[in-house]
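Residues in the sequence shown are numbered from 15 upward in steps of one, following our numbering.
For glycine and all other residues, C-beta sits at the position ideal for the given N, C-alpha and C.
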Amino acid sequence: MILKIIRWFEKNYNFSLIIAIIIAIMIFYVSSLSFPPETETNPLKPYLYHFGIFLIFSFFLLLYSIRDKHKNFFILSIILSILYAILDELHQSFVPFRDASISDVLTDSFGISFAVLIYLIFLVYRRNGKIQED
15 MILKIIRWFE
25 KNYNFSLIIA
35 IIIAIMIFYV
45 SSLSFPPETE
55 TNPLKPYLYH
65 FGIFLIFSFF
75 LLLYSIRDKH
85 KNFFILSIIL
95 SILYAILDEL
105 HQSFVPFRDA
115 SISDVLTDSF
125 GISFAVLIYL
135 IFLVYRRNGK
145 IQED
């Protein structure tokens, strides 16, 4: 089921681009929010956010840019995702009560890497005939 959904987004790549843009706007918006200092009850929460949001962002960017035919854009999608993570942290450094963090960029990069891994697994499944082409 999930593999068929991925294939649908691959075929209808403009939807993937729209979702990637919406997520990029959401990332920018959340980075613009100012949070006063407080004690965090769950220290994993920011890391889970960074990992998850960049996983989804880069996954849809991969689906848009590669489109099953343009495999040479694979590296470009990864670079763009990491560059956006760095620019997000730079932007965040200008927001009151926020700062830039290398650990956030690394967490974002892990999310991006996981998205790449998921997409590569999908490509292997399709190449081995486990996914029926419509």
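Whole angstroms is fine: what's the gap from residue i's alpha carbon to residue j's?
{"i": "ASP148", "j": "SER30", "result": "Reliability of the predicted coordinates at ASP148 is poor, the pLDDT of 49 falling under 50, and the value obtained from them is presented with this limitation in mind. Going by the C-alpha atoms only, they are around 19 Å apart."}
{"i": "PRO57", "j": "GLY143", "result": "43 Å"}
{"i": "LEU131", "j": "TYR98", "result": "19 Å"}
{"i": "ILE33", "j": "THR55", "result": "31 Å"}
{"i": "LEU120", "j": "ASN28", "result": "29 Å"}
{"i": "TYR133", "j": "SER123", "result": "15 Å"}
{"i": "ARG140", "j": "ILE100", "result": "33 Å"}
So, under 8 Å CB-CB, residue i and residue j are touching, yes? Tell me the CB distance rounded to an integer number of Å.
{"i": "ILE37", "j": "PHE74", "result": "7 Å"}
{"i": "SER115", "j": "GLU103", "result": "6 Å"}
{"i": "LEU76", "j": "SER91", "result": "5 Å"}
{"i": "TYR108", "j": "PRO50", "result": "Per the sequence shown, residue 108 should be read as Phe rather than Tyr. No, PHE108 and PRO50 are not in contact; Cβ-Cβ is about 17 Å, not under 8 Å."}
{"i": "PHE136", "j": "LEU17", "result": "6 Å"}
{"i": "ILE41", "j": "PHE71", "result": "7 Å"}
Tell me whether residue i is buried or exposed, calling it buried when 16 or more other Cβ atoms sit within 10 Å of its Cβ.
{"i": "ILE126", "result": "buried"}
{"i": "VAL44", "result": "exposed"}
{"i": "ILE19", "result": "exposed"}
{"i": "ILE80", "result": "buried"}
Return helix, strand or coil for residue i, following the three-state DSSP convention.
{"i": "ASP148", "result": "A caution first: ASP148 carries a pLDDT of 49, below 50, which makes its placement in the model unreliable, though a value can still be read off. Looking at ASP148 - three-state DSSP - the assignment turns out to be coil, as it is neither helix nor strand."}
{"i": "MET15", "result": "coil"}
{"i": "PHE49", "result": "coil"}
{"i": "ARG112", "result": "coil"}
Can you tell me where the alpha helix (DSSP H) holding residue i begins and where it ends?
{"i": "GLY66", "result": "59-80"}
{"i": "VAL130", "result": "116-141"}
{"i": "SER107", "result": "Premise fails: SER107 is in no alpha helix (DSSP H) and is neither H nor E."}
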